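**Q** Quick note on numbering: the sequence shown equals residues 1 to 265 in the UniProt record's numbering.
Submitted below is the structure of interest, expressed as structure tokens.
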Amino acid sequence: MEISNVRKNELIELAEFVADDFCPKGMIMPEIIATRSGITYNYGEYGTYFDGVLEHDAGEFHIYLNKQNILYQDNTRLRFSFAHELGHFFIDEHRNALKKGKSLHKSYHRLLPKNIIEYEADCFASNLLMPPKRFLQFVHKRKFDFSVIESLSKEFGTSLSATLFKFVEIGNYPIMVVYSENNKIKYHWCSHDFPYKYFKEHSSKKLPPLTVAGDYFINGITCEDAEIVNANDWFSSYEDIRGVKLFEKCIYPTYNNVVISIIWQ
Ligand SMILES: [Zn+2]
């Protein structure tokens, strides 16, 4: 599901405007934005039904945030949910629908959003928490390696995956992010100027054995650091890429036998 570039740019502009207006310096604080916009909110334990909900009643808006099943130290997911619900408030069409008594949905946050409304609120949230101008200012100060992503995630209070997506979108260094599950490549995202487009195991979608992700699925080995891999172990190319080396850094989330590889030159 995609939204048009025109619409996307509108949402980016809106999010950046809200960010600069309410939190011109330092980390974006959704609580401050809510309070100063007259929106009340609370954190509660609401089972597994939703991450956040924006409710409207007689001109008043309230955000419910679900902290159930969220690790004590990991507030990046709560911050993203909060920013997503603020999106439903600041995006005119969403707020007007709520005011007319229509229910938008309950918001679930997965890698692939379910519909346009959700996608729009996620787009707003990502650009509110990581305003593009500030994000680019930060990345331009440093030479790329994985620690840049970690510092960005700390600086902006966003999860590694949200930070990675933003970096793929607007970062200053070509990277590819590969999401694999049960020894199959499930999704991948790359910067527009990442040099390789075709996986070697194009048809089977299996992880090549001589990659860091492949090493995990085949031998159960995890690597803390970025490792050097051969470009032609990951990719096919019309050019001769024998001898070309790439970096691969893996993240091992604790669910669904998933590995996320970040690959760069
Ligand atoms: Zn939503």
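Backbone N, C-alpha and C define an ideal beta-carbon position, used for all residues, glycine too.
The structure displayed is predicted, hence computed values, not measured ones.
Write down every uninterrupted run of the beta strand (DSSP E) in the region 191-249 whose length is 3 residues or greater and which is fully enclosed by it, in chain order.
**A** 227-230
**Q** What three-state label does DSSP hand I33 in the structure shown?
**A** For the purposes of this step, residue 33 is taken as residue 33 along the sequence shown, with counting starting at 1. If DSSP states are grouped into helix, strand and coil, I33 belongs with the helices.
**Q** Does the distance between the C-beta of H88 and the nearest non-hydrogen atom of ligand 1 fall short of 7 Å?
**A** Looking up residue 88 in the sequence shown gives position 88. Yes; taking the cut-off as 7 Å, the Cβ of H88 has a heavy atom of ligand 1 nearer than that.
**Q** Identify which residue in G38, I39 and E16 has its Cα closest to the Cα of I28.
**A** For the purposes of this step, residue 28 is taken as residue 28 along the sequence shown, with counting starting at 1. Answer by Cα proximity: E16.
**Q** Does the Cβ of A121 lie closer than 7 Å to at least one heavy atom of ligand 1?
**A** The residue you call residue 121 lines up with position 121 of the sequence shown. Yes, the beta carbon of A121 sits closer than 7 Å to at least one heavy atom of ligand 1.
**Q** What are the residues that DSSP puts in a beta bridge with I262?
**A** Sequence index remark: in the sequence shown, residue 262 carries index 262 (1-based). Bridge partners of I262: V177 and K249.
**Q** Residue range of the beta strand (DSSP E) that F22 falls in?
**A** Along the sequence shown, one-based indexing puts residue 22 at 22. It is not in any beta strand (DSSP E) - F22 instead sits in the alpha helix (DSSP H) that spans N5 to F22.
**Q** Tell me whether the beta-carbon of D20 lies closer than 8 Å to the beta-carbon of P132.
**A** In the sequence shown, counting from the first residue as 1, residue 20 sits at position 20. In the sequence shown, counting from the first residue as 1, residue 132 sits at position 132. No. Outside cutoff.
**Q** List the endpoints of the continuous beta strand (DSSP E) containing D122.
**A** For the purposes of this step, residue 122 is taken as the residue at position 122 of the sequence shown. Unbroken run through D122 is the alpha helix (DSSP H), I116 to L129; no beta strand (DSSP E).
**Q** Please report the straight-line C-alpha distance between Q265 and Y252, rounded to a whole angstrom.
**A** Reading the sequence shown from its first residue, position 265 is the one you call residue 265. Reading the sequence shown from its first residue, position 252 is the one you call residue 252. The alpha-carbon of Q265 is positioned some 21 Å away from that of Y252.
**Q** Below 7 Å, is the gap between the Cβ of E93 and the nearest heavy atom of ligand 1?
**A** Within the sequence shown, numbered from 1, the residue matching residue 93 stands at position 93. For ligand 1, not one heavy atom lies less than 7 Å from the Cβ of E93.
**Q** What's the C-alpha gap between H84 and F167?
**A** One-based indexing of the sequence shown puts residue 84 at position 84. One-based indexing of the sequence shown puts residue 167 at position 167. Taking the straight line from one Cα to the other gives about 19 Å.
**Q** Could you tell me the distance, in whole angstroms, from the CA atom of V258 to the CA atom of L78?
**A** Locating residue 258 in the sequence shown gives position 258, where the first residue counts as 1. Locating residue 78 in the sequence shown gives position 78, where the first residue counts as 1. So the alpha carbons of these two residues sit roughly 22 Å apart.
**Q** I116: buried (16+ other C-beta within 10 angstroms of its C-beta) or exposed?
**A** Here residue 116 refers to the residue found at position 116 of the sequence shown. Exposed: under 16 other Cβ atoms inside 10 Å.
**Q** In chain order, what residues of the same chain have a beta carbon less than 8 Å from the beta carbon of E150, not counting five sequence neighbours either side?
**A** Against the sequence shown, residue 150 aligns to sequence position 150. Closer than 8 Å at the Cβ level, and outside the excluded window around E150, lie L160.
**Q** Taking 7 Å as the cut-off, does the CB of E55 come closer than this to any heavy atom belonging to ligand 1?
**A** Position 55 of the sequence shown, counting from 1, holds the residue named residue 55. Outside the cutoff, so no.
**Q** Return yes when at least one heavy atom of ligand 1 lies under 7 Å from the C-beta of H84, else no.
**A** Here residue 84 refers to the residue found at position 84 when the sequence shown is read from its first residue. True, at least one ligand heavy atom lies under 7 Å from that Cβ.
**Q** Tell me the residue span of the beta strand (DSSP E) that contains F61.
**A** The residue given as residue 61 occupies position 61 in the sequence shown. Residues E60 to N66.
**Q** Need the endpoints of the alpha helix (DSSP H) that T40 sits in, please.
**A** Here the question's residue 40 lines up with position 40 in the sequence shown. Counting along the chain, T40 falls outside any alpha helix (DSSP H), though it belongs to the beta strand (DSSP E) covering T40 to G44.
**Q** Nearest to residue 321 by alpha carbon, out of H140, K186, P195 and K200?
**A** What the structure shows of the chain is the stretch from 1 to 265, and residue 321 is not part of that stretch, so it cannot be assessed.
**Q** Quick one: what's E55 bridged to in DSSP?
**A** The residue you call residue 55 lines up with position 55 of the sequence shown. Bridge partners of E55: H62.
**Q** Is E118 near ligand 1, judged by its Cβ being under 7 Å from some heavy atom?
**A** The sequence position of residue 118 within the sequence shown is 118, counting from 1. Yes, since a heavy atom of ligand 1 falls inside the 7 Å radius drawn around the Cβ of E118.
**Q** Compare the C-alpha of S236 against each of S81, C250 and E201 and name the closest.
**A** Position 236 of the sequence shown, counted from the first residue, corresponds to residue 236. Of S81, C250 and E201, the residue nearest in Cα terms is E201.
**Q** Taking L207 as the reference, which of G44, Y179 and G26 has the closest Cα?
**A** The residue you call residue 207 lines up with position 207 of the sequence shown. L207 has its Cα closest to that of Y179, out of G44, Y179 and G26.
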